[in-house]
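Visitor:
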Amino acid sequence: MSTTTYETSPAIPSQELLDRNLKYAENHKGKVGEENWGHFPKTAIITCMDCRLHPQKQLGLADSDTTIIRNGGGSVHELIRSILITQNFGTRHFVLIKHTDCGYFNTTKTEIIKGFKAHAKDPNAIDAVADKIGDDSPKLSIDKFVLRDVEYLRESPLIYPDTKVTGWAFDDRTGKIRQVA
Ligand SMILES: [Zn+2]
2 MSTTTYETSP
12 AIPSQELLDR
22 NLKYAENHKG
32 KVGEENWGHF
42 PKTAIITCMD
52 CRLHPQKQLG
62 LADSDTTIIR
72 NGGGSVHELI
82 RSILITQNFG
92 TRHFVLIKHT
102 DCGYFNTTKT
112 EIIKGFKAHA
122 KDPNAIDAVA
132 DKIGDDSPKL
142 SIDKFVLRDV
152 EYLRESPLIY
162 PDTKVTGWAF
172 DDRTGKIRQV
182 A
């Protein structure tokens with residue numbers, strides 16, 4: 002069982018967040034890009050919550066070009082509500098991006114539960130939701146992870162017939178994104 006401990010950034014104090022927001026707000030214009038937002042982006046990126054992923058920056062996109070849907074691993078199985086809502090608003094292309102060395106796919110359900118029990122107020126609280134924690138760590142290559150989720154979406158009856166699904170892999174060593182499907 003992996004016992005890898007990742008170094009985490011120190012928690013950012015709330016006051017610092019407020020200060021940074023004030024600085025941002027100095028130049029904020031209400032309804033930025035209203036002319037764009039009148040037309041909901043046709044493209045939505047689905048990707049991992051990992052801080053190494055900056056899809057708009059890494060693909061040279063403006064804020065208004067895409068919707069971004071994120072969770073651990075960019076796991077489409079957990080995103081059905083978001084996928085339905087964006088399609089209702091106008092999304093017709095899902096760009097699914099996974100990345101190298103993704104912790105989501107390298108952590109087993111047993112490890113998640115063990116980690117929780119080591120730190121929780123009530124170690125047994127997780128038992129009530131244990132069946133909702135998928136065991137999504139089949140040790141596949143990144144390309145196979147991408148293909149698996151792309152196929153899941155393409156075959157899903159919840160994807161509109163005119164919605165396109167493509168799959169991509171981000172390599173953190175090079176910064177490059179390549180199309181897999
Ligand atoms: Zn990840």
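If you count the sequence shown from 1, position 86 lands on 87 in this note's numbering, and the numbers rise without skipping. Backbone N, C-alpha and C fix where the C-beta goes; we use that ideal spot for every residue, glycine too. Remember, it's a predicted structure, so these values are computed and weren't measured experimentally.
Under 6 angstroms from any heavy atom of ligand 1, by CB: list those residues in chain order, please.
Guide: That query returns the following residues: Cys49, Asp51, Gly74, His100, Cys103, Gly104 and Tyr105.
Visitor: Give me the Cβ distance between Thr44 and Thr67, rounded to the nearest whole Å; I'm assuming they're in contact under 8 angstroms.
Guide: Numbered from 1 along the sequence shown, position 43 holds the residue referred to as residue 44. Numbered from 1 along the sequence shown, position 66 holds the residue referred to as residue 67. About 5 angstroms; that satisfies the 8 angstroms criterion.
Visitor: How is the alpha helix (DSSP H) around His55 delimited, first residue to last?
Guide: One-based indexing of the sequence shown puts residue 55 at position 54. Neither: His55 is in no alpha helix (DSSP H) and is coded neither H nor E.
Visitor: With three or more C-beta pairs closer than 8 angstroms as the rule, is the stretch 118-125 touching the stretch 73-93?
Guide: As far as the Cβ criterion goes, the stretch 73-93 does not touch the stretch 118-125, which means the pair count is below three.
Visitor: Name the residue from Gly176, Cys103, Asn107 and Cys52 whose alpha carbon lies nearest to the alpha carbon of Gln59.
Guide: Taking the sequence shown and counting its residues from 1, the one referred to as residue 59 is at position 58. Looking at the Cα atoms, Gly176 is the closest of the given residues.
Visitor: Use the C-beta contact count for Gly168: other C-beta atoms within 10 angstroms, 16 or more gives buried, fewer gives exposed.
Guide: The sequence position of residue 168 within the sequence shown is 167, counting from 1. Buried: at least 16 other Cβ atoms inside 10 Å.
Visitor: Looking only at its chain, what residues have a beta carbon closer than 6 angstroms to the beta carbon of Ile127, apart from the 5 residues adjacent to it on each side?
Guide: Walking along the sequence shown from the start, residue 127 turns up at place 126. Correct list, in chain order: Ile114 and Phe117.
Visitor: Mapping DSSP to helix, strand and coil, what is Leu97?
Guide: As a first step, residue 97 must be located in the sequence shown, where it is residue number 96. Of the three classes helix, strand and coil, the one that applies to Leu97 here is strand, per DSSP.
Visitor: Between Glu79 and the rest of its own chain, which residues show a CB-CB distance below 7 angstroms, the 5 nearest in sequence each way excluded?
Guide: Counting from one through the sequence shown, the residue named residue 79 turns up at place 78. Same-chain partners within the cutoff: Asn72.
Visitor: What is the DSSP secondary structure of Trp169, counted as helix, strand or coil?
Guide: What you label residue 169 is simply residue 168 of the sequence shown in a count that begins at 1. Correct three-state label for Trp169: strand.
Visitor: Do Phe146 and Phe106 have their C-beta atoms within less than 8 angstroms of each other?
Guide: Taking the sequence shown and counting its residues from 1, one reaches residue 146 at position 145. Taking the sequence shown and counting its residues from 1, one reaches residue 106 at position 105. Yes, Cβ-Cβ distance for Phe146 and Phe106 is below 8 angstroms.
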